[in-house]
Structure formats: C-alpha cells, structure tokens
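Residue numbers (the numbering used here), protein chains in the order written: chain A, 1 to 322; chain B, 1001 to 1249. Cβ atoms here follow ideal geometry from the backbone N, Cα and C, with glycine treated the same way.
Written out as structure tokens, the structure reads:
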C-alpha cells in the first residue's frame, strides 16, 4: 500500500480557492484507487472556509499557521510544507496548477527528492501506477507521463477535474499547528489586484476579441457581452501585440491556455497559436465576417456576420433571457 | 558581475504538430526552430541589467544538441557576450535540464540568472524554480516588473486577477513573462559580431531521469458545428441553442 496522499491547498485573503477543492477531490479519488488515505494541508493566517474540505471527500486538514504567512512566500511555504509532507510520510502531493501551484510544486519536488509533473488533465491508475496525461505545445499534442520516483508531485489543470460535493459529509478534523519561525527570504509583500476583473484563467465563460474589432475604442462591445454573460474578457495575440489590450488577457500559445465552459470568439480568425490555447473549451461560439476563417472549423455555433451588428444584438438578447 | 541567461531551442509557435515515428515526440521534419519566445524577454532583461550596471558580462547557456547553437547565436546577436552549450542529444525532463544548468551556474559563480517563464514546447514552466532549489538561490517566477538595487530585488509576478509584489535578494533566478520589457531586434552589426563570439561546448551533467514519456497523441479533433446565420437576425436562435442545447447560459 502506498503511503498517504496530500492535497496542498491555496488560500487567498484567508479563503481556500475553488481550484484547491478540485485538488482535494482528486486526492480523495486517487486515495480510493490506490487503496490509501488522503489529507490536506494549507498554510496561512486565519482561514474562514477550512471546514469545506470535508464536502470534497477529505476528513482531515492541517492548518500550518503563522501571521507572517497570509501572503505567499516561496522560501517559507516550500520549507514548511515539505517538512510537513516528510512528517506525514506522504508519497503523492496534489496541487492545482495555478500561479501558486506552478511556483510551489517544483520546489517541493526537489525538497522531497521526487519527480514532478504539472498541468495534468487526466490521471489514470492501473496496477498501482499513475499515468499522467498533460497537454504540450499549448495543447497541440498530449503526452502520457509516468513518474519513476517513489515520491510524486502532481499539479492538475484548474476547471478540468471537477470538485464533486459529497452530501451529508461529517465535518473534517481541523488541526491547527502554529509555526514558530519561518524563512522569509523570498516573500510577497503586497497583492495588486486588477480591479473588479475576472481572470481568463479562472473564468467559466470567456468573450475574446481579435483584429476584427478594429481598435481599442470598440472593445466595449466585447466587455458588455462578457458582463451580460458574467464572464471574463480575453484577447487574441494580434490585439495584445497592437497594444489594444493588456497581456494578461491574451489567450493562446504565448498567452493563457483556457478550458472554459463557453468561449465566444469575436473577430478572431483563429491562427493556430490561438486555437491551441482555447480549443479545449466545452462550447465555442465564433462571430466573424469571413466564413472561411479557421475559427469556424472548431466552433460549435457560428455567425458569419459583422460583429458590430451581431455583438450589440447578442448582448441585448442575453440580458433578456438571463 | 556575471549574469546568466538560459534559453531553449523550440519549434516555432506556428508549427503544426505531427507525432514522430517513436510515438513519444514530435516529427521534426520541416519544423522551423526558434529561440523560445519567453527567453527573448530574459535576454533583454539580462542586457538591460548589464547596461544599467555599466559593467559585467552576460553569458547565454542552453542544454541540447548542436542544433541549439542557432538559438545561442540569436542571443549573441542581440548583444550577449558569450555562449555555453551543455550537450545532450537525448530528450531530458525538466529536472534533467535544471541539474545541467545548476552545475554550470555554480561553476561560473553567477549570482543573477534570467530565463523565460516556460518553454513553448513542453510547457512545464518549472525549470527556473527547480534550478533555484538545486542551487539554494531565491527565485521569482512569471515576472512582469523588476527592480534590482545592489543585492535587493523587488519583482512583480503575474497571478490570477492581479500581481504579487515580491521582495528578495541575490543570488536569484528570475523567470520572465511577456510584458516585462520589449526585446530588442538583432542589428546587422550584432549578427556580424555574433559570428566572432565564442560558444563553449561541454557535456551536460549526467542525471537519472525521474519521469518517462510513455506516449504522445494529437488531441481528439473537434467536429465543426453549425453556422446559425449570417447577420444579427441569427442572434435569437444562437441564444436559444446556448440555453437549450448547450445549456451554458
């Protein structure tokens, strides 16, 4: 029997993130498949929703607490969590592949002398072996990776592994351990929020604009549709490179790879770099004047019309039905 | 001060990927290889840092086959002083690359290292952090703003919905994200000068792989859907489909 599985959770402003509950659920499922047990760990100051882990199939969570650690510190977190994983004798660590998970996972893997595979979209267990499937070349190809080390650090792509809620779960056992001294050699001192904006990497619905929008002054059409749908605003590389939109909105190979439930591409022709970054979206809507645009080859629904007419009509219609 | 910039030689982002005959990697036939786009921000930041200091030396390091020299030359043409190729004909996982880089950085005694936040081939985005752990250096990943003052570093890294301001100090590895700077073009003079700059070749440090690629496949193809209409009159039908068929709104 394998040793324990440990889900390493992320909190922001004292709230455990939704993507971390996906890690909890994945760790719990993996524990069943491997005939072992799973628990969770979170580092931070006060955490308000810690009891929620039980809903996702884990019965024990350890809160490593220190007032200095409400913000992420790569030096502090990697030291404290790797020590905890050693104490627990955890063989497998599961994190969500967020900015936090991507930064922390490789550090933990070196400290635990383990292999590391990131951004997995599927974990297959057979005969006590885990095969991790993950996209490469921004999703143009998938690889199956097997970790050869005894200990394994795995990150899972957000929004892919769903966090199933178990009904009538018993409350989780919460163990709070105060951490006396921490290494703060590398420490976050402040978070600058992009005000009131939903990030494309965390959104369930994304509305993106391409060159067809003709200029930054017309981008309100994209923003209004995104707002009506309750989604995030994205952009193609052409639009970002032209300076019309900030880079953090770019979807595609040199931007973000996204898998929302609904992706609306407006005035985007569908260069291969863009398609690579969004083709795993569940439903794709394309609005483009050019009926031969490659975006239509992967769209579920398309309108081959002028976005300056279609977008305002669509925004109005969405407002009516919502 | 010696500044190291680590680069990788990757397929152009416009490449259509075909799986090779081994079933585990891409078929390189007809594929154009370029310097990893994020590494251009790393090269630019290294050069800017040297210019600001008014002294020092920038060395580009890569792990790969002889073909990677093209990418080293590109960095030399942008203004990097010299190059080191850590040779290995075989594919290495991220930790294998990090071990080779860490050994070389240690031997050089470099206190400041730049690299791209990820390579656009395997998209792991972990080599910087792994290398830093192996060297016991500080590391800030996905950096979009950087200020180095003596030993002190203040960096801003991109996170979901904002930025984290990170304070740390040298020795450090910085992994660079688009937005950090505007990479310079190689001038004709730069390209000519690059031909005379040295590229030292060494065997990459040996290591035992911790992972194995069992197979590579293309993602399942998506069937084109339907064209609902050609103007705004198609909007009510589109919304009905999204609501009743796709059930996404």
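ask   = Since residue 1232 (chain B) meets chain A, which of its residues come closer than 7 Å, beta carbon to beta carbon?
value = Translated into positions along the second chain, residue 1232 (chain B) becomes position 232. Within chain A, the residues near residue 1232 (chain B) are 305, 309, 310 and 313.
task = Please name the residues in the stretch 244 to 264 of chain A whose beta-carbon is closer than 7 Å to at least one beta-carbon of chain B, in chain order.
result = 247, 248, 253, 254, 261 and 262
task = Could you have a look at residue 1007 (chain B) and say whether DSSP puts it in helix, strand or coil?
result = The sequence position of residue 1007 (chain B) within the second chain is 7, counting from 1. Of the three classes helix, strand and coil, the one that applies to residue 1007 (chain B) here is coil, per DSSP.
ask   = Under a CB-based cut-off of 8 Å, is residue 1176 (chain B) close to chain A?
value = By 1-based counting over the second chain, the position of residue 1176 (chain B) is 176. It does not; no Cβ of chain A falls within 8 Å.
query = Shorter than 8 Å from the beta carbon of residue 209 (chain A) to some beta carbon of chain B?
reply = Here residue 209 (chain A) corresponds to residue number 209 of the first chain, with the count starting at 1. So no, residue 209 (chain A) is outside the interface.
task = Please decide whether residue 115 (chain A) counts as near chain B, where near means a Cβ-Cβ distance under 8 Å.
result = In the first chain, counting from the first residue as 1, residue 115 (chain A) sits at position 115. Yes, residue 115 (chain A) lies at the interface with chain B (some Cβ there is under 8 Å from its Cβ).
task = Evaluate contact between the stretch 1122 to 1136 of chain B and the stretch 1093 to 1102 of chain B, counting only Cβ atoms and requiring at least three cross-stretch pairs below 8 Å.
result = yes
Contact list for residue 1092 (chain B) against chain A, beta-carbon separation under 8 Å = Locating residue 1092 (chain B) in the second chain gives position 92, where the first residue counts as 1. Within chain A, no residue comes near residue 1092 (chain B); the closest Cβ sits about 13 Å away, beyond 8 Å.
key: is_contact[residue 1096 (chain B), chain A] using C-beta, thresh 8 Å   = Residue mapping note: residue 1096 (chain B) aligns to position 96 of the second chain, counting from 1. Closer than 8 Å: no.
ask   = Going straight from the alpha carbon of residue 158 (chain A) to that of residue 22 (chain A), what length do you get?
value = Against the first chain, residue 158 (chain A) aligns to sequence position 158. Against the first chain, residue 22 (chain A) aligns to sequence position 22. Taking the straight line from one Cα to the other gives about 8 Å.
message = Need the endpoints of the beta strand (DSSP E) that residue 1211 (chain B) sits in, please.
response = As a working note, residue 1211 (chain B) is residue 211 in the second chain. Note, residue 1211 (chain B): beta strand (DSSP E), 1211 to 1217.
Close Cβ partners of residue 37 (chain A) (< 8 Å) along its chain, the five nearest in sequence each way excluded = Position 37 of the first chain, counting from 1, holds the residue named residue 37 (chain A). Excluding sequence neighbours, residue 37 (chain A) sits near 4, 5 and 31.
ask   = When the Cα atoms are used, what is the spatial distance from residue 999 (chain B) to residue 1067 (chain B)?
value = Lying outside 1001 to 1249, the shown extent of chain B, residue 999 (chain B) is not represented and no answer is given.
Under the three-state DSSP convention, the category residue 1240 (chain B) falls into = Here residue 1240 (chain B) corresponds to residue number 240 of the second chain, with the count starting at 1. Reduced to three states, the DSSP call for residue 1240 (chain B) is helix.
key: Distance CB(residue 276 (chain A))-CB(residue 302 (chain A)) smaller than 8 Å   = The count along the first chain starts at 1 and reaches residue 276 (chain A) at position 276. The count along the first chain starts at 1 and reaches residue 302 (chain A) at position 302. Not in contact: residue 276 (chain A) and residue 302 (chain A) (Cβ atoms no closer than 8 Å).
task = Could you name the residues of the stretch 66 to 97 of chain A whose beta carbon sits closer than 8 Å to any beta carbon of chain B, in the order they occur along the chain?
result = 71, 72, 74, 75 and 78
ask   = So residue 949 (chain B) and residue 1173 (chain B) are in contact, right, with Cβ under 8 Å, and what is the actual spacing, rounded?
value = This structure leaves residue 949 (chain B) out entirely; chain B is present only between 1001 and 1249.
message = Let me check understanding here. Comparing Cα to Cα, which of A:29, A:41, A:24 and A:49 lies closest to residue 13 (chain A)?
response = Sequence index remark: in the first chain, residue 13 (chain A) carries index 13 (1-based). Closest by C-alpha distance to residue 13 (chain A), out of A:29, A:41, A:24 and A:49, is A:49.
task = Pull up the distance between the alpha-carbon of residue 1219 (chain B) and that of residue 131 (chain A), whole angstroms please.
result = Taking the second chain and counting its residues from 1, the one referred to as residue 1219 (chain B) is at position 219. Taking the first chain and counting its residues from 1, the one referred to as residue 131 (chain A) is at position 131. The straight-line gap from Cα to Cα measures roughly 17 Å.
Cβ distance (whole Å) where residue 187 (chain A) is taken to contact residue 1144 (chain B) below 8 Å = In the first chain, the residue the question calls residue 187 (chain A) occupies position 187. In the second chain, the residue the question calls residue 1144 (chain B) occupies position 144. Not quite, the Cβ-Cβ distance comes to about 18 Å (not below 8 Å), so this is no contact.
query = How many whole angstroms separate the CB atoms of residue 110 (chain A) and residue 1133 (chain B), which I take to be in contact at a CB cut-off of 8 Å?
reply = Counting from 1 along the first chain, the entry for residue 110 (chain A) is found at position 110. Counting from 1 along the second chain, the entry for residue 1133 (chain B) is found at position 133. With a Cβ gap of about 4 Å, residue 110 (chain A) and residue 1133 (chain B) count as contacting.
query = In the DSSP assignment, what residue or residues form a beta bridge with residue 133 (chain A)?
reply = As a working mapping, residue 133 (chain A) is identified with position 133 in the first chain. Partner(s): A:122 and A:144.
ask   = Using a C-beta to C-beta distance shorter than 9 Å, which residues of chain B count as neighbours of residue 147 (chain A)?
value = As a working note, residue 147 (chain A) is residue 147 in the first chain. Within chain B, the residues near residue 147 (chain A) are 1210, 1211 and 1212.
task = Report, in whole angstroms, the separation of the C-beta atoms of residue 1239 (chain B) and residue 213 (chain A), which I expect to be a contact under 8 Å.
result = As a working mapping, residue 1239 (chain B) is identified with position 239 in the second chain. As a working mapping, residue 213 (chain A) is identified with position 213 in the first chain. With 8 Å as the limit, residue 1239 (chain B) and residue 213 (chain A) do not qualify as a contact, their Cβ atoms being about 21 Å apart.
query = Between residue 1195 (chain B) and residue 1117 (chain B), what straight-line distance do the alpha-carbon atoms span, to the nearest angstrom?
reply = The count along the second chain starts at 1 and reaches residue 1195 (chain B) at position 195. The count along the second chain starts at 1 and reaches residue 1117 (chain B) at position 117. Going from the Cα of residue 1195 (chain B) to the Cα of residue 1117 (chain B) covers about 28 Å.
request  = Please list, in chain order, all residues of the same chain as residue 1152 (chain B) whose beta carbon is under 6 Å from its beta carbon, the five residues on each side excluded.
outcome  = For the purposes of this step, residue 1152 (chain B) is identified with residue 152 of the second chain, where counting begins at 1. So the qualifying residues of the chain are 1169.
task = Enumerate in chain order the residues of its own chain whose CB-to-CB distance from residue 1080 (chain B) is below 6 Å, with the five nearest sequence positions on each side excluded.
result = To locate residue 1080 (chain B), count along the second chain from 1; it is residue 80. Excluding residues within five positions, the ones whose Cβ falls inside 6 Å are 1058 and 1060.
inquiry  = Tell me the residue span of the beta strand (DSSP E) that contains residue 1202 (chain B).
reply    = What you label residue 1202 (chain B) is simply residue 202 of the second chain in a count that begins at 1. Secondary structure note for residue 1202 (chain B): its beta strand (DSSP E) is the uninterrupted segment 1199 to 1203.
ask   = Whose CA, out of A:305, A:284 and A:246, lies closest to the CA of residue 340 (chain A)?
value = As displayed, chain A neither begins before 1 nor continues past 322, which places residue 340 (chain A) out of reach and without an answer.
message = Looking at the secondary structure, which residues open and close the beta strand (DSSP E) in which residue 247 (chain A) lies?
response = By one-based count along the first chain, residue 247 (chain A) stands at place 247. First-last for residue 247 (chain A): undefined, no H or E at that position.
task = Name the residue from A:182, A:194 and A:227 whose alpha carbon lies nearest to the alpha carbon of residue 204 (chain A).
result = As a working note, residue 204 (chain A) is residue 204 in the first chain. When each option's Cα is compared against that of residue 204 (chain A), the closest is A:227.
ask   = Is any heavy atom in the ligand NAP found nearer than 7 Å to the beta carbon of residue 1008 (chain B)?
value = Among the ligands in the structure shown, none appear at all, so the ligand NAP cannot be discussed.
inquiry  = Taking DSSP's pairing of strands, which residues face residue 263 (chain A) in a bridge?
reply    = By one-based count along the first chain, residue 263 (chain A) stands at place 263. Beta-bridge analysis with DSSP links residue 263 (chain A) to A:206 and A:284.
task = Would you verify that the beta carbon of residue 273 (chain A) is, or is not, closer than 8 Å to some beta carbon of chain B?
result = Position 273 of the first chain holds residue 273 (chain A). Closer than 8 Å: yes.
request  = For residue 1037 (chain B), return the contacting residues in chain A, with the cut-off set at a CB-CB distance below 8 Å.
outcome  = Start at 1 with the first residue of the second chain, and residue 1037 (chain B) comes out as number 37. The answer, in chain order, is 254.
query = Among A:134, A:232, A:265 and A:40, which has the Cα closest to the Cα of residue 172 (chain A)?
reply = Locating residue 172 (chain A) in the first chain gives position 172, counting from the first residue. Residue 172 (chain A) has its Cα closest to that of A:40, out of A:134, A:232, A:265 and A:40.
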